[in-house]
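Below: the structure, in structure tokens.
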Amino acid sequence: MTTTESPTAAGSGSAATDKFKSERVSADTSPERLAAIAKDALGALNDVILKHGVTYPEYRVFKQWLIDVGEGGEWPLFLDVFIEHSVEEVLARTRKGTKGSIEGPYYIAGAPELPATCTLPMRDEDKKITPLVFSGQVTDLEGNGLAGAKVELWHADNDGYYSQFAPHLPEWNLRGTIIADEEGRYEITTIQPAPYKIPTDGPTGQFIEAQNGHPWRPAHLHLIVSAPGKESVTTQLYFKGGEWIDSDVASATKPELILDPKTGDDGKNYVTYNFVLDPA
Numbered sequence: 001m002t003t004t005e006s007p008t009a010a011g012s013g014s015a016a017t018d019k020f021k022s023e024r025v026s027a028d029t030s031p032e033r034l035a036a037i038a039k040d041a042l043g044a045l046n047d048v049i050l051k052h053g054v055t056y057p058e059y060r061v062f063k064q065w066l067i068d069v070g071e072g073g074e075w076p077l078f079l080d081v082f083i084e085h086s087v088e089e090v091l092a093r094t095r096k097g098t099k100g101s102i103e104g105p106y107y108i109a110g111a112p113e114l115p116a117t118c119t120l121p122m123r124d125e126d127k128k129i130t131p132l133v134f135s136g137q138v139t140d141l142e143g144n145g146l147a148g149a150k151v152e153l154w155h156a157d158n159d160g161y162y163s164q165f166a167p168h169l170p171e172w173n174l175r176g177t178i179i180a181d182e183e184g185r186y187e188i189t190t191i192q193p194a195p196y197k198i199p200t201d202g203p204t205g206q207f208i209e210a211q212n213g214h215p216w217r218p219a220h221l222h223l224i225v226s227a228p229g230k231e232s233v234t235t236q237l238y239f240k241g242g243e244w245i246d247s248d249v250a251s252a253t254k255p256e257l258i259l260d261p262k263t264g265d266d267g268k269n270y271v272t273y274n275f276v277l278d279p280a
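Residue numbers (UniProt numbering): 1 to 280.
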């Protein structure tokens, strides 16, 4: 079911917050490690206050802004845009395979399974956008194809909205779990994504505007690639020459993750990208 209601930061943020709360994850962090992290984090924040001579009015504005972010349900959005890239960098230190990137706040598990050669679910209006044929192979570190590997793919529509976080979109629009063939190969037809702004009508947008920043993300595909006995990789793929590649608001781009599609005689864009998974 779809509606014509326009998505807002508050609506999108609330959906992301509800999803995150439902997952209710935990970490095996000792009290000693937690104390060390907390000490350094709070120490760094206090150092910033002393370095810049933060005033009481600025401090009160900061407290109110923190409250607004929570009440607006925007903590998943804010943290995934401004913090997650550093957490992902820590994970990358132990990986030899495909480079990762941030997951972002709009992943939904359980997207419909599709065969190795497939087209993502999309609306009739999405079909008017330039088609993108995205193909490749999932292998191990030695180059062996991984039969039955899963390629979870999701991305925004041409207006920058994600299904399940925008009420006017069908439930699984531009989302799918592709099952690679016996050689780990896949060929997925979707649409060429466009750059988009993160929601700006809430406190995250106010944070960006107050420092004369911009809210743009370059066009990208989101992926989680997995196979039995292998470490999954969460990443994003971008497009050569695209706007905002060098100034992504989420600081998530990497040279290894930039695609260079070529337009075929049929007007479709074609690109190949292979994924290499580390052993579990």
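Even glycine gets a Cβ: it sits at the ideal position worked out from N, Cα and C.
On the DSSP letters alone, give me the boundaries of the beta strand (DSSP E) that E187 sits inside. 185-191
Report buried or exposed for D248, applying the criterion of at least 16 other Cβ atoms within 10 angstroms of its Cβ. buried
Under the rule that 16 or more other beta-carbon atoms within 10 Å means buried, what is M1, buried or exposed? The pLDDT assigned to M1 is 35, lower than 50, so where the model puts this residue is not dependable, and the model offers no usable value.
P279 by DSSP, collapsed to three states: which one? strand
By how many angstroms is the C-alpha of P105 removed from the C-alpha of M122? 21 angstroms
What are the start and end residues of the beta strand (DSSP E) that includes E243? Careful: E243 lies outside any beta strand (DSSP E) and carries neither H nor E.
Once the 5 residues before and after T190 are set aside, which same chain residues still bring their CB inside 6 angstroms of it? Within the same chain, and ignoring the five residues on either side of T190 in sequence, the residues whose Cβ sits closer than 6 angstroms to its Cβ are L120, L132.
Extent of the continuous beta strand (DSSP E) to which Q137 belongs: 131-140
In DSSP terms, what Q236 is bridged to: H222
Any contact of the stretch 145-155 with the stretch 163-181, i.e. 3+ C-beta pairs under 8 angstroms? yes
Between Y186 and V271, what straight-line distance do the alpha-carbon atoms span, to the nearest angstrom? 12 angstroms
Figure out for me which residue from N173, H155, S163, Q206 has the closest Cα to the Cα of P193. Of the residues N173, H155, S163, Q206, the one whose Cα lies closest to the Cα of P193 is H155.
Thinking C-alpha only, which one of D265, P57, G110, T139 is nearest Q164? G110
Same chain, Cβ closer than 7 angstroms to G97, five either side skipped, listed in chain order: When the five nearest sequence neighbours on each side are left out, the beta carbons in the same chain lying within less than 7 angstroms of the beta carbon of G97 are those of L141, V233, V276, L277, D278, in order along the chain.
Once DSSP output is grouped into helix, strand and coil, what is the label at L66? helix
At 4 residues or longer, and completely inside the stretch 59-126: list those alpha helix (DSSP H) runs for me, N to C. 75-82, 84-92
Note down the Cα distance separating D157 from E171, rounded to an integer number of angstroms. 13 angstroms
Let me confirm a value: G264 is counted as buried when at least 16 other C-beta atoms fall within 10 Å, else exposed. Which label applies? exposed
Could you tell me how far apart the beta carbons of H85 and S251 are, in whole angstroms, since I believe they sit closer than 8 angstroms? Going by Cβ atoms, the distance from H85 to S251 rounds to 5 angstroms, so yes, they are a contact pair.
For A280, does the count of other Cβ atoms within 10 angstroms reach 16, so buried, or fall short, so exposed? So A280 ends up on the exposed side.
Given this structure, state the Cα-to-Cα distance separating D18 from Y273, to the nearest angstrom. Approximately 33 angstroms, taken between the alpha carbons.
Backbone CA spacing between N144 and V48 [nearest angstrom]: Taking the straight line joining both Cα atoms gives about 50 angstroms.
Answer yes or no: do P199 and D68 have a C-beta to C-beta separation smaller than 7 angstroms? no
Excluding the 5 residues flanking W65 on each side, which residues of the same chain have their C-beta closer than 8 angstroms to its C-beta? Within the same chain, W65 has close Cβ partners P203, Q206, F207.
For G160, which of helix, strand or coil comes out of DSSP? It is coil, neither helix nor strand.
Can you say whether G70 is buried or exposed, counting buried as having 16 or more other CB atoms within 10 angstroms of its CB? exposed
With which residues is V151 paired in a DSSP beta bridge? I178, V225
So, E243 versus P195, is the Cβ gap smaller than 7 angstroms? A contact, by the Cβ cut-off of 7 angstroms.
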